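Residue numbers for the sequence shown, in the UniProt record's numbering: 1 to 690. Glycine residues also receive a C-beta, built at the ideal position from the N, C-alpha and C atoms. Because the structure is a prediction, the values reported are computed rather than measured.
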Amino acid sequence: PYPDVDKVAKLIPFNVSSIEEALELSHELKALYDGNREVKQLLDYASHIEGIARHCSQHAAGVVISPEPLVNIVPLKAINGTQIVTQYPMEPLEKLGLVKMDFLGLRTLSMIEETLKNIAKNGKKIPDLTQLPMDDRATFEMLQRGDTMGVFQLESSGMRQLLKKLCPDSFQDIIAVLALYRPGPLGSGMVDQYIERKHGRSPISYPHPALEEALKETYGIILYQEQVMQIAARLAGYTLGQADILRRAMGKKKVEEMEEQRQVFVKGCLENAVSAEQANEIFDLIQYFAGYGFNKSHSAAYAMISYQTAYLKAHYPVEFLAAFLSSHIGAKKEILARYVREVRSGGIEVLPPDVNESEAGFTAVGDVIRFGLSAVAKAGSGAVEAILRARREGGPYKSLWDFVSRIDLRAVNKSVIESLIGVGAFDGLHGNRRQILESLPVLLEARARLDEDKFQQRLFSLDGNDSLDVEPALVDIEDFEFHEKLELEKDAVGLYISGHPFEAYEERVRKYAYCTPSELIHWCSPQAKPLVGGIVTDVAEKYTKKGDLMGTVGVEDLDAKLEVVCFPRMWGKVKAFCQAGTVILVSGRLEERGGGLTMIAEDVVPLEVAEREKGQIFRLRIPFHLCDETVLRNLIRTCKGYPGKDQVLVEVYNDRFSAFILLNDTHVTVSEELKGKIEGMMGSFLEIAV
Numbered sequence: 001p002y003p004d005v006d007k008v009a010k011l012i013p014f015n016v017s018s019i020e021e022a023l024e025l026s027h028e029l030k031a032l033y034d035g036n037r038e039v040k041q042l043l044d045y046a047s048h049i050e051g052i053a054r055h056c057s058q059h060a061a062g063v064v065i066s067p068e069p070l071v072n073i074v075p076l077k078a079i080n081g082t083q084i085v086t087q088y089p090m091e092p093l094e095k096l097g098l099v100k101m102d103f104l105g106l107r108t109l110s111m112i113e114e115t116l117k118n119i120a121k122n123g124k125k126i127p128d129l130t131q132l133p134m135d136d137r138a139t140f141e142m143l144q145r146g147d148t149m150g151v152f153q154l155e156s157s158g159m160r161q162l163l164k165k166l167c168p169d170s171f172q173d174i175i176a177v178l179a180l181y182r183p184g185p186l187g188s189g190m191v192d193q194y195i196e197r198k199h200g201r202s203p204i205s206y207p208h209p210a211l212e213e214a215l216k217e218t219y220g221i222i223l224y225q226e227q228v229m230q231i232a233a234r235l236a237g238y239t240l241g242q243a244d245i246l247r248r249a250m251g252k253k254k255v256e257e258m259e260e261q262r263q264v265f266v267k268g269c270l271e272n273a274v275s276a277e278q279a280n281e282i283f284d285l286i287q288y289f290a291g292y293g294f295n296k297s298h299s300a301a302y303a304m305i306s307y308q309t310a311y312l313k314a315h316y317p318v319e320f321l322a323a324f325l326s327s328h329i330g331a332k333k334e335i336l337a338r339y340v341r342e343v344r345s346g347g348i349e350v351l352p353p354d355v356n357e358s359e360a361g362f363t364a365v366g367d368v369i370r371f372g373l374s375a376v377a378k379a380g381s382g383a384v385e386a387i388l389r390a391r392r393e394g395g396p397y398k399s400l401w402d403f404v405s406r407i408d409l410r411a412v413n414k415s416v417i418e419s420l421i422g423v424g425a426f427d428g429l430h431g432n433r434r435q436i437l438e439s440l441p442v443l444l445e446a447r448a449r450l451d452e453d454k455f456q457q458r459l460f461s462l463d464g465n466d467s468l469d470v471e472p473a474l475v476d477i478e479d480f481e482f483h484e485k486l487e488l489e490k491d492a493v494g495l496y497i498s499g500h501p502f503e504a505y506e507e508r509v510r511k512y513a514y515c516t517p518s519e520l521i522h523w524c525s526p527q528a529k530p531l532v533g534g535i536v537t538d539v540a541e542k543y544t545k546k547g548d549l550m551g552t553v554g555v556e557d558l559d560a561k562l563e564v565v566c567f568p569r570m571w572g573k574v575k576a577f578c579q580a581g582t583v584i585l586v587s588g589r590l591e592e593r594g595g596g597l598t599m600i601a602e603d604v605v606p607l608e609v610a611e612r613e614k615g616q617i618f619r620l621r622i623p624f625h626l627c628d629e630t631v632l633r634n635l636i637r638t639c640k641g642y643p644g645k646d647q648v649l650v651e652v653y654n655d656r657f658s659a660f661i662l663l664n665d666t667h668v669t670v671s672e673e674l675k676g677k678i679e680g681m682m683g684s685f686l687e688i689a690v
């Protein structure tokens with residue numbers, strides 16, 4: 001009976017690999033197995049079929065290639081009467097000598113295609129992506145800055161940090177970066193070793209002189225699987241086929257296979273005048289690195305797309321970023337909003353949605369980007385197409401009434417129009433958003449009467465009466481307050497468009513915070529615990545597994561957003577004042593999550609409390625080429641002569657980056673005398689701010 005089977009199934013623990021293991025882990029199941037004949041029979045039968053495929057499924061992207069009809073080589077079957085698939089999984093197919101290729105869809109390729117269309121629409125010459133210069137200076141300078149939003153495979157904050165440290169200056173470096181940025185190399189110290197050798201700070205050595213040619217491009221480090229094959233071929237006389245077997249054996253990490261390969265490798269090395277001791281050392285080395293080795297051909301194919309997207313961003317930023325933003329329509333509002341903020345922080349203006357100017361997606365218009373209508377909340381593809389179709393057929397909309405009277409209200413309902421009004425899509429026709437929002441019900445009612453009259457006229461073949469074509473009067477009411485407009489915009493598209501509530505507080509925050517969210521990239525070392533200032537824009541609560549309440553707080557400045565996690569003990573202290581609209585200062589540990597930075601809060605205070613109780617920040621900006629250990633020592637010595645409670649924050653900068661140094665043990669009382677002494681020491685290159 002089903003209830004009995006269901007009871008047995010629920011007694012099987014999660015994450016077990018066999019019925020035998022389940023009986024060992026679950027004492028209740030074992031007791032039932034020993035005491036109930038039917039349950040014992042059920043589990044015994046089940047153990048006989050355990051591990052057998054329960055159904056036949058189709059690989060999502062795998063295509064088998066054969067030199068002759070497949071029916072002569074493998075058993076086939078038809079799916080839905082038309083599509084032919086093999087009855088073998090991929091492992092037996094490989095042993096039969098058949099080639100299996102995976103053909104995967106890639107959103108980036110569609111984004112590249114859209115970028116090229118944008119370039120053409122903007123009246124520029126479309127670049128030939130197959131003929132790009134592979135040493136383009138602007139492209140590599142952009143990569144070295146870590147300005148990689150939208151660049152294939154190079155977007156995460158961790159990857160941006162790696163790019164800034166490694167400073168790629170060739171296509172080979174991009175291939176290497178993609179192979180290096182994986183858990184194995186990052187955790188093994190290989191990445192730091194590679195960077196130090198590339199920049200000449202560590203000597204380059206090779207396991208054997210004969211391997212210099214194979215390992216020169218990676219500074220003596222075994223990074224690619226193909227290098228393992230080259231080493232085996234050059235030192236031990238492997239054929240490329242034998243070397244590939246070695247590569248696969250290392251990837252599987254099977255002890256018996258590896259021991260067999262070691263004997264073959266050492267024997268081959270002895271025949272090539274390499275001692276057994278050195279051969280074993282080299283085998284140990286390649287065995288260690290092969291665990292992290294990446295397929296270079298795979299990395300190179302990805303790197304080509306990375307380079308193409310980087311080139312397009314460096315030379316056609318508006319067209320590229322419009323395509324990039326369009327590709328994320330349909331994602332969570334928070335994700336799209338984050339990207340729009342970053343585009344703006346890069347100096348590119350993103351214009352608000354406009355019923356007469358916007359298309360479905362984001363569009364490149366000269367040197368600015370126009371918001372797409374599809375990015376507005378509640379505006380689905382059917383509604384957007386109806387708006388664009390009416391505009392194509394009847395020309396630009398002249399007023400909200402003209403809009404309401406022309407569109408298909410079955411596709412564009414009241415909530416869609418309200419979202420468009422809230423985000424400012426009608427600002428070009430009406431400057432008062434509240435007036436048209438309050439007037440919308442009147443206009444929709446007038447449209448309903450107009451439709452009814454037209455129906456009656458058609459029904460009885462009467463002459464048209466244009467009395468209802470007269471535009472109804474709008475409600476006489478004052479516009480929303482500025483902060484109310486901003487909230488409507490955020491509800492509609494996930495971010496503020498007309499301005500930002502933080503603008504009124506920025507100057508005050510900078511007196512007490514080390515930085516704001518958009519500057520955090522300069523602080524993301526594991527030890528950094530910067531004091532960040534911003535305005536709370538959203539708050540979410542959830543219960544932990546123990547049943548305690550914790551909070552997640554969104555903190556923004558003008559260009560970026562930081563997610564702050566407050567665990568239960570901290571949340572209990574700060575919940576009362578961590579509400580939307582509150583300006584706070586927060587410090588804690590930074591972590592990378594989902595491609596962005598998250599802070600685990602250790603201290604949170606409202607701005608007004610900081611203004612009463614904390615010292616201000618004494619900021620010094622020093623060019624990188626002038627800042628060394630001696631300068632910092634002299635600076636600290638000078639500051640210690642003016643003790644107080646103001647903290648000293650030094651920003652070291654050059655054309656490519658900024659880094660912040662907090663002088664933790666040095667607190668001062670800022671005075672004109674102190675400023676004069678520091679300026680006398682540093683000269684005109686120093687910038688001071690309090």
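Whole-angstrom C-beta distance between residue j and residue i, which should lie under 8 Å
i: ILE622; j: VAL652; result: 6 Å
i: ALA310; j: ASN118; result: With a Cβ gap of about 17 Å, ALA310 and ASN118 do not count as contacting.
i: VAL574; j: VAL555; result: VAL574 to VAL555, Cβ: 12 Å. No contact.
i: ASN432; j: ASP479; result: 4 Å
i: VAL8; j: VAL39; result: 6 Å
Simplified DSSP state of residue i, which is helix, strand or coil
i: SER467; result: Reliability fails at SER467, whose pLDDT of 46 lies under 50, so the model's placement of it is uncertain and no value is given.
i: HIS315; result: helix
i: LEU96; result: coil
i: TYR194; result: helix
i: MET134; result: coil
i: VAL475; result: coil
i: HIS625; result: helix
i: ASN356; result: coil
i: ALA78; result: strand
i: TYR224; result: strand
i: ILE678; result: helix
i: VAL264; result: helix
i: ASP655; result: coil
i: LYS296; result: helix
i: CYS56; result: coil
Rounded straight-line distance, which links the Cα of residue j to that of residue i
i: GLY644; j: VAL670; result: 8 Å
i: MET90; j: LYS100; result: 7 Å
i: CYS566; j: MET550; result: 6 Å
i: residue 715; j: LEU178; result: Not covered by the structure: residue 715. The range shown for the chain is 1 to 690.
i: GLU487; j: ALA120; result: 36 Å
i: ALA390; j: ALA540; result: 40 Å
i: SER467; j: VAL423; result: Note that SER467 scores 46 on pLDDT, short of 50, meaning its location in the model is unreliable; the coordinates nonetheless yield the value given after this. Roughly 32 Å between the two C-alpha positions.
i: LYS378; j: TYR496; result: 17 Å
i: SER299; j: PHE152; result: 12 Å
i: ARG392; j: ASP402; result: 14 Å
i: ILE174; j: TYR307; result: 8 Å
i: LEU312; j: PHE320; result: 6 Å
i: THR516; j: GLY596; result: 15 Å
Under 7 Å between C-beta atoms of residue i and residue j
i: ASP354; j: GLY428; result: yes
i: VAL64; j: THR82; result: no
i: PHE324; j: GLY150; result: yes
i: VAL605; j: LEU585; result: yes
i: LEU163; j: GLY146; result: yes
i: ASP557; j: GLY534; result: yes
i: ASP538; j: SER345; result: no
i: VAL191; j: PRO185; result: yes
i: LEU400; j: PHE426; result: yes
i: GLN227; j: ALA214; result: yes
i: LEU98; j: SER66; result: yes
i: TYR238; j: GLY220; result: no
i: SER587; j: LEU531; result: yes
i: GLN435; j: ILE477; result: yes
The ligand FAD heavy atom lying under 6 Å from the CB of residue i
i: PRO606; result: The model depicted lacks the ligand FAD and carries no ligand whatsoever.
*If you pair each beta-carbon of the segment 206-213 with each one of the segment 240-248, do three or more pairs fall below 8 Å?*
no
*Inspect the CB distances between the segment 654-674 and the segment 635-643 and report whether three or more fall short of 8 Å.*
yes
*Mind the definition here: the segment 404-420 touches the segment 435-450 only if three or more C-beta pairs lie below 8 Å; say whether that holds.*
yes
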